[in-house]
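Counting in my numbering, the sequence shown runs from 2 upward without gaps.
Each residue gets a CB set at the ideal place from its N, CA and C atoms; glycine is no exception.
Since this is a predicted model, take the numbers as computed values, not measurements.
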Amino acid sequence: MNITGLLARDTYDSYLGGYIDAVQAGNTLTFNVIFTANSYVYQRNLTMGVKFDWMTSFQNTTSDTAVYAGQTLTVTLASAIPALTGQYSGLNQQAHTWTLELWDMAQGATWNAYGCSDYNYAPPYVQPMCRSLSSNGYPYTYHNLAVYSSAQASSYNSKLQASAMINSLNNVLGSTITPAPGTSSALAMLAQANTQMALANNAYALGDFSTAQTDYQNALNDANAAQSSLSTIGGGTDTATFTSIWIEAVAVLFGGIGALLVGFAGFKYLRVRTRASAGYAPSTAPKA
2 MNITGLLARD TYDSYLGGYI DAVQAGNTLT FNVIFTANSY VYQRNLTMGV
52 KFDWMTSFQN TTSDTAVYAG QTLTVTLASA IPALTGQYSG LNQQAHTWTL
102 ELWDMAQGAT WNAYGCSDYN YAPPYVQPMC RSLSSNGYPY TYHNLAVYSS
152 AQASSYNSKL QASAMINSLN NVLGSTITPA PGTSSALAML AQANTQMALA
202 NNAYALGDFS TAQTDYQNAL NDANAAQSSL STIGGGTDTA TFTSIWIEAV
252 AVLFGGIGAL LVGFAGFKYL RVRTRASAGY APSTAPKA
């Protein structure tokens with residue numbers, strides 16, 4: 002089985018305090034179950050339904066699907082997630098469970114009100130038969146579902162982008178002993194991005210999603226600005242000087258590596274330096 006339409010899977014939500022799958026309110030989730038019939042010859046009539054914990058009954062497929070021995074097909078069911086209005090206004094305040102049932106029964110038959118079960122372990126197979134899947138249930142593919150407001154969805158997307166960029170900038174700019182020439186602007190913007198990220202994380206954990214949305218976007222903007230300022234190496238810093246200091250600083254961290262390829266965003270430099278004693282002069286002029 003797979004589910005399409007999710008905003009996120011297997012992500013930690015600090016407000017809800019656990020790992021969840023997320024969907025934005027008002028969007029549609031589509032459940033797709035791949036079914037393969039065994040070799041026993043009879044017509045299977047499949048119907049499928051889903052029930053979220055805010056529903057009082059299952060939402061079912063509109064008609065049954067006939068499946069024959071040895072046949073493989075996908076049974077699909079789309080379910081609209083409510084907007085956060087009226088009785089559903091608080092759906093984003095907790096994670097939600099869902100249950101999916103796939104029934105094989107006579108055409109036009111009604112689901113068994115006493116639950117989903119299958120006692121047919123060998124031919125002859127006697128209808129009805131049912132298999133059930135659920136959030137946080139075996140084989141633990143899906144978590145409980147978080148229904149996000151637009152502010153939460155925007156926060157998630159901005160945080161995802163900002164985190165990736167900030168982590169890369171921290172790895173590059175924070176790995177040198179002495180800041181390289183021309184990076185002061187980038188370092189300042191990176192510090193600001195880290196501050197905005199911390200503020201956003203705190204606001205989100207407290208349920209202030211509007212503030213979190215703004216702060217995550219600010220963190221992303223600052224990270225973008227830091228990255229952009231490096232594309233010209235601080236507005237014209239001599240490349241050889243920049244690379245020399247860079248290599249010497251990073252070589253200490255990497256056990257004296259003399260040549261290093263450092264790549265990040267808009268800049269990528271490779272410089273191989275020959276260590277020589279004072280007064281050494283090459284026999285021929287270096288090639289440009």
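Query, Result
"Note down, in chain order, each residue of its chain lying with its Cβ closer than 6 Å to the Cβ of P83, except the 5 sequence neighbours on either side.", "Y89"
"Can you tell which of M130, Q94, H97 has the C-alpha that lies nearest to the C-alpha of A107?", "M130"
"Indicate the three-state DSSP secondary structure (helix, strand or coil) for N46 in the structure shown.", "strand"
"In whole angstroms, what is the alpha-carbon distance linking M190 and G208?", "27 Å"
"Quick one: what does DSSP say G235 is sitting in, helix, strand or coil?", "With a pLDDT of only 43 at G235, under 50, the local geometry of the prediction cannot be trusted, and the value read off the model is given with reservation. G235 falls in the helix class under three-state DSSP."
"Look up I21 in the DSSP assignment and say whether it is helix, strand or coil.", "strand"
"Do three or more CB pairs link the segment 70 to 77 to the segment 12 to 27 at distances below 8 Å?", "no"
"Starting from N33, trace the beta strand (DSSP E) in both directions and tell me its first and last residue.", "29 to 37"
"Give me the residue from N145, S159, T179, Q228 with the minimum Cα distance to Y20.", "N145"
"Mind reading off the beta-carbon distance from H97 to V148? Whole number of angstroms is fine, and I expect it under 8 Å.", "7 Å"
"When you compare only the Cα positions, how much space is there between T100 and D223?", "43 Å"
"For N3, which residues does DSSP report across the bridge?", "N33"
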